[in-house]
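To start, the structure itself, in structure tokens.
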Amino acid sequence: MIPAAFDYVRAGSAAEAIQLIGQYGDEAKFLAGGHSLVPAMKLRLAQPTVLVDIGRVSDLSYIRDGGDHIAIGALTRHMDVEKSPVLAEHVPLLAHAAGHVGDPQVRHRGTIGGSLAHADPASDLPATTLALGATYVAEGPNGTREIAAADFYQGYFTSALAPDEMLTEIRVPKMGGAGWSFQKFNRRAQDWAIVGVAAWQRGSECGVGLVNMASTPVLASSVAAAIAGGASAAEAAEAAASEADPQADLNASVEYRVHLAKVLTRRALEAAGG
Amino acid sequence: MEITVTINGKSHTADVEPRTLLVQFIREQVGLTGTNIGCDTSSCGACSVHVDGEAAKSCTLLAVQADGSSITTIEGMASADGTLHPMQQAFMENHGLQCGYCTPGMVMAATSLLAENPNPTEEEVRIGLEGNLCRCTGYHNIVQSVLACAKS
Amino acid sequence: MTMTDDTTGVLGQRLLRREDPALLTGEARYTSDLPIPGALHLAVLRSPYARARIVSVDTSAAASMPGVTAVFSGADLADTWAGPMPCAWPVTEDMKSPTHYPLAVGQANYVGDGVACVLANSATAARDALDAIEVEYEPLEAVIDLEDALSDRVVIHDEIGTNRSYTWDLKIEESEGQVDQAFADAAYSVKERYIQQRLIPAAMEPRAVAAIPQPFGGDMTLYSATQVPHILKVMTALTLGIPEHQLRVVAPAVGGGFGSKLNVYAEELLCVALAKRTGSPVRWTETRSEGNQATIHGRGQIQDIELAADSDGRLTAVRVRLIGDMGAYLQLVTPGVPLLGAFLYAGVYELPKAYDFSCTSVFTNMTPTDAYRGAGRPEATYAIERAMDALAAEIGIDPLELRRRNFIPTASYPYEAMTGLVYDSGDHDRAATLAAEMIDYAGVRARQETQNVPGATKRLGIGVSTYFEMCGLAPSRVLASLNYGAGGWEAATVRVLPTNKIQVVTGTAPHGQGHETAWSMIVAEKMGVSPDDVDVLHSDTAIAPLGLDTYGSRSLSVGGVAIAIACDKVIDKAKQIAAHQLEANPDDLEFSGGEFRVAGSPDRAMPLAAVAFEAFTAHNLPDGLEPNLEAHTTYDPPNFSWPFGTHMCLVEVDTETGQVDVLKYVAVDDCGNQVNPLIVDGQVHGGVVQGLAQALYEEAVYDADGNLQTSTLAEYLVPAASDVPAIDTGHTITPSPTNQLGVKGIGEAGTIASTPAVINAIVDALSGLGVRDVKMPASPNTVWRAINEAQGGQQ
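So the protein sequences, as listed, match chains A, B and C.
Last residue of the first sequence: 274 in this note's numbering, with the numbers rising by one and none dropped.
Last residue of the second sequence: 426 in this note's numbering, with the numbers rising by one and none dropped.
Last residue of the third sequence: 1221 in this note's numbering, with the numbers rising by one and none dropped.
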């Protein structure tokens, strides 16, 4: 219940945050909403020696129309993503998925950037932004760079961010009226998905992201290829687990996860393409 | 580190260790013990308070993160003359509590829910309270309480 | 109604609870809310191994940390205890019980077993110091599986030489060999194995303790989040060798218990012992992840049940073999839990004397088990109600019809069961009929015909569960016959103050049940005053010195009845005073509406208020009558109370995912007369959801090495509002003839009835696919696997 002791510094800007994290080195961590990090610290599963609080970098909380995409500041809270009229119009899948993260209290405090940077394969938003072909913007000591969502997730809780880099913006292509579906399957509403599927479809084009089906969020490319090749939703869904490598846990065996991924992908495509 | 937090309309300035959780600050340093602690994984919601008007789990926020915010706890819900907040009154009238331990967090979550959705369906109330656990009531009368409060 | 005529109509009203304002505003103080200046904070270092020899404990680094007052290993405190941790229920003469101290000495026996402890000036300092204690362990093989434990392949406790704690038998036959003969002659029989998974009670308030010494006065006050302040006082005095009259135990506001706070815990004893040792107050508050390991678990049984029936489906014999999981040690009533169910494996059904029950209980390297809401009775009800469905399937008749054929007939009450216990009152057919109407049983059966067709992926199922709850524990002599270490009485004092306000002192210890409201209603009814004029005092042994606390749905049918009897005694005394004042014969006085009247002379009357003042001034009392208006009662009930009812559950199962949706839940419960129907409904709602949670969500999962995999509320799935249905409650009222209020208990009924109703519904939905059973919890994965196995698939 009580975290191990640490030092705490506050950044007023992204630049200051990067400077501070560079100054304190490997054992330092960014603190955004804290809703992934603080619980781990309370159980002493995480014991950072320094927290760089970026929660007050208010100019990173925004949702803007960027023409062909919507730009979302990394510190935009889940609740603001969920309730955004701009996203409801242009990227409804993301707004809907954000409404399934944690519970209302978590969504009031947790941020999209924090969730993505945490790179938890069981989180809803990494797989969703992956399905949507998002691009993440990272800022580091040498300036900013863009990282495709498809290149961002490198392993269990491991992202392409350098230790002194900070996620600042998420750019999500407009869906252009594509059909979509978010299938989150869990035992309690507040829990992480046992398996989740985020999908959109426009004609023979689709994107499918899988939650909790590997050590990283999974882009189900084989499904998209099958749809592009004219397969039905049911046929394409058979390929849902082709890119996956799920693990067993208390809630699901490997076989069950694979099965669920297929069922939920089929349902998602039927809803999105129907 | 020195922080200033407004709690139930009153400003509190105090020195806290960075690792102090907001709920510890509220309970131990400010002395408002109505906010309860029921778990250590942000699962149960017993510690829910309003931070700048919205429900948050005070066990998952560091006190330093709340520096400068305005917080309402269960002690700030009833009027100074002792009149219960309509949500508290609804919980009483609908037997929405038994042991009372989850109740402060439940009331804070429920008022936050109605602020965002003033006329929820039963299903929306149930989903809206997904982050709060109760072991006594089976939730039936909690849901009835929130619906009754919305109606009144 | 068996109520007296002079009612003011308070009983049976949905009176709002007087407890609520304090709880709703944060004013109520739970143990961890108490301001205790100068308190030292206790933290306990717990074994990370399920079974390990403790080679050495080095406390020196921890002891030198800032804020730390002292650090102790189990060995350091070995001289502190007058005796080991108590087990109050030695169920057999030869029961084996390993020695159990608040901190382990020599060997730790479950993950969470206390090994060392810290006292520091803050909870933070105490927690930090735990990380600096160096313990060298020699890990030993752990025993997790019950049948493996039974084999004694690995013996956990060398001192007792076996993992078997006891075997307890209950064989009832008219003539020897009757059970075997009944099975040989049976037209139909079933043999089923059910697993009662381990559960974590998870009261929302974690345990908390504070011990405050008065070093110069010699007294000690123990505050604890406990259901049993009175039992705790006796046991603490015995275990620590403290004179009982110098120990005061207080249970402040307590945030739920469900049996988990019906115990004497290591931390309670440590706080008192260390407060005594240091002369400072010592306090401790459990964290949830600590509590999941260190607070007792519930259930944990393997049940083999066999039913024999004649060609009409009437039961002719029941045979039950249990293996009970005691966990690593025996806590307060651990071994007795299976016995509380031992009489109920024939459910609400007529059975000839052909009953064969045997339970063998074993030690494992897991958290000790003990009473959890229902304690033994949910297990028994689950087994018989699941087996009745299996029997109905075997015979090929509707499960509700099979139950109707076997119900104990209403006309036979009071009914002496084959066990010798007398069931007080019942009307099972009426409850079942009402439940069937509420859920439209016939309509559901018709819908199933069209919905559950081959290839359907959403299948409808309805589950029935009928039950008896043997509660109101209990007649002391019956408890004696079961070797229980205490009686089953309850104490009450009713005191009319000079201004006609009434104080009630009760030995019950509420922790959410609303006793203050309910007891005030009983007194209001009896004494003809407003409930607002009645104060209820409880849960502090300095104020309520006698009592046996709150568990086993006993509070109303024992404690509430005690209050009614004490009221009668007060009225009797007041009548003598009034008669003296009115110059009438006491036998000619009537009491109603708070006033004594001379029969036939309505103008000759005296209100209770005037009597109370006369009793106080004592200026003009009858000769030999003591001043003041107060009566004390200790009431030992003549029988258990036997609430009963029928629950029905309607589910839809998604056969593709295994997901179970509860579409409707109907609970018809009969707890006799209801003091406050608002509270009764609340108890049913909560109980049903707790039982439903066993059916669908909850399990304390251990890996093969004895590590608890569900150590937080993120893994241990206590459901939220979003995960459970609304509950439709219905009631029949069949008063108990054994007490003047006509009441029975209701605290555990929901939990007892709901678990089999839910599982029966799931199996019913899937029966067309060949599924005969689904293990608990019926998670989507488990249901999906059951379907696949029934279909001959893999996994």
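Here a beta-carbon is modelled for each residue, glycine too, at the ideal position from N, C-alpha and C.
Beta carbon proximity, residue i to chain B, threshold 9 Å
i, result
"Leu-43 (chain A)", "yes"
"Asp-557 (chain C)", "no"
"Met-166 (chain A)", "no"
"Met-429 (chain C)", "In this prediction, Met-429 (chain C) has a pLDDT of 39, which is less than 50 and means its spatial position is unreliable; nothing more can be read from the coordinates."
"Tyr-456 (chain C)", "yes"
"Pro-632 (chain C)", "yes"
"Ile-63 (chain A)", "no"
"Gln-1100 (chain C)", "no"
"Ala-1152 (chain C)", "yes"
Within-9 Å CB hit, residue i to chain A
i, result
"Gln-1220 (chain C)", "Because the pLDDT at Gln-1220 (chain C) is just 46, under 50, the model does not fix this residue reliably, and the value given afterwards should be weighed accordingly. At least one chain A Cβ lies under 9 Å of Gln-1220 (chain C)."
"Val-417 (chain B)", "no"
"Asn-393 (chain B)", "no"
"Asp-966 (chain C)", "no"
"Thr-1248 (chain C)", "Residue 1248 (chain C) lies beyond the range of chain C shown here (427 to 1221); nothing can be said about it."
"Asp-432 (chain C)", "Residue placement at Asp-432 (chain C) cannot be trusted, given a pLDDT of 43 that sits under 50; what the coordinates show is reported in the next sentence. It does not: the Cβ of Asp-432 (chain C) has no partner Cβ on chain A nearer than 9 Å."
Contact set between residue i and chain B, taken where Cβ atoms lie within less than 9 Å
i, result
"Pro-447 (chain C)", "Ala-352, Gly-356, Leu-358, Gln-362, Met-366"
"Thr-665 (chain C)", "Within chain B, no residue comes near Thr-665 (chain C); the closest Cβ sits about 27 Å away, beyond 9 Å."
Within 9 Å, strictly: CB atoms of residue i and residue j
i, j, result
"Ala-1005 (chain C)", "Pro-1048 (chain C)", "yes"
"Ile-412 (chain B)", "His-1111 (chain C)", "Looking at the sequence itself, residue 412 (chain B) is Gly, so the reference to Ile does not match. Against a cut-off of 9 Å, the Cβ pair of His-1111 (chain C) and Gly-412 (chain B) comes out as a contact."
"Leu-1195 (chain C)", "Gln-1166 (chain C)", "no"
"Leu-254 (chain B)", "Leu-335 (chain B)", "Here chain B comprises residues numbered 275 to 426, so residue 254 (chain B) is not present and cannot be evaluated."
"Glu-895 (chain C)", "Gly-800 (chain C)", "yes"
"Thr-807 (chain C)", "Arg-725 (chain C)", "no"
"Glu-139 (chain A)", "Ala-71 (chain A)", "no"
"Ala-337 (chain B)", "Met-382 (chain B)", "no"
Closer than 8 Å at the beta carbon, the chain C residues around residue i
i, result
"Gln-190 (chain A)", "Ala-1146, Ser-1148"
Contacts of residue i in chain A (Cβ-Cβ under 8 Å)
i, result
"Leu-1143 (chain C)", "Arg-187, Arg-188, Asp-191"
"Trp-1210 (chain C)", "Tyr-256, His-259"
"Ser-1205 (chain C)", "Arg-187, Asn-251"
"Arg-553 (chain C)", "Met-1, Ile-2"
"Glu-396 (chain B)", "None at all; the shortest Cβ gap to chain A is about 14 Å."
Under 7 Å by beta carbon: chain B residues contacting residue i
i, result
"Tyr-8 (chain A)", "Met-275, Pro-292, Val-338"
Where the beta strand (DSSP E) through residue i begins and ends
i, result
"Pro-173 (chain A)", "166 to 173"
"Cys-785 (chain C)", "780 to 789"
"Ser-499 (chain C)", "494 to 499"
"Glu-631 (chain C)", "Run containing Glu-631 (chain C): none; DSSP gives neither H nor E here."
"Val-57 (chain A)", "Premise fails: Val-57 (chain A) is in no beta strand (DSSP E) and is neither H nor E."
"Glu-560 (chain C)", "560 to 565"
Residue-chain proximity (residue i, chain C), Cβ-Cβ < 9 Å
i, result
"Ala-5 (chain A)", "yes"
"Leu-264 (chain A)", "yes"
Proximal residues of chain C, C-beta to C-beta of residue i below 7 Å
i, result
"Thr-287 (chain B)", "Correct list: empty, because the minimum Cβ distance to chain C is about 21 Å."
"Met-1 (chain A)", "Thr-713"
Span of the alpha helix (DSSP H), counted from its first residue to its last, around residue i
i, result
"Phe-315 (chain A)", "Since the displayed chain A opens at 1 and closes at 274, residue 315 (chain A) lies outside it and no answer follows."
Within chain A, partners of residue i - CB distance below 7 Å
i, result
"Gln-406 (chain C)", "Coverage of chain C is limited to positions 427 through 1221, which leaves residue 406 (chain C) absent and any answer about it impossible."
Partner residues on chain B for residue i, Cβ-Cβ distance less than 8 Å
i, result
"Thr-451 (chain C)", "Gly-308, Ile-348, Glu-349, Met-351, Ala-352, Leu-358, Gln-362"
Partners in chain C for residue i, counting only beta-carbon separations shorter than 9 Å
i, result
"Glu-404 (chain B)", "Ala-1146, Ala-1147, Ser-1148, Asp-1149"
Chain A contacts made by the region 1116 to 1129 of chain C, where a contact means CB separation under 9 Å: Against chain A - using a Cβ distance shorter than 9 Å - the residues of the region 1116 to 1129 of chain C are Leu-1122, Tyr-1123, Glu-1125, Val-1127.
Below 8 Å between beta carbons is the criterion; list the residues of the region 235 to 262 of chain A that meet it against any residue of chain C, in chain order. Those residues of the region 235 to 262 of chain A placed with their C-beta closer than 8 Å to a C-beta in chain C are Leu-250, Asn-251, Ala-252, Ser-253, Glu-255, Tyr-256, His-259, Leu-260, ordered along the chain.
Chain B contacts from the region 1076 to 1098 of chain C (Cβ-Cβ distance under 7 Å): Listed by position, the residues of the region 1076 to 1098 of chain C near chain B (Cβ gap below 7 Å) amount to none.
Give the residues from the region 212 to 224 of chain A that approach chain C closer than 8 Å (Cβ to any Cβ), ordered along the chain. Residues: none.
Please identify, using Cβ separations under 7 Å, the residues of the region 711 to 730 of chain C that lie next to chain A, in order along the chain. Per Cβ criterion, the list reads Thr-713, Ser-715.
Contact list for the region 300 to 319 of chain B against chain C, Cβ threshold 9 Å: Answer in chain order: Arg-301, Glu-302, Gly-305, Leu-306, Thr-307, Gly-308, Thr-309, Asn-310, Ile-311, Gly-312, Cys-313, Asp-314, Thr-315, Ser-316, Ser-317, Cys-318, Gly-319.
Residues of the region 101 to 123 of chain A whose Cβ lies closer than 8 Å to any Cβ of chain B, in chain order: Residues of the region 101 to 123 of chain A that bring their beta carbon within less than 8 Å of a beta carbon in chain B comprise Gly-102, Asp-103, Pro-104, Gln-105, Val-106, His-108, Arg-109, in sequence order.
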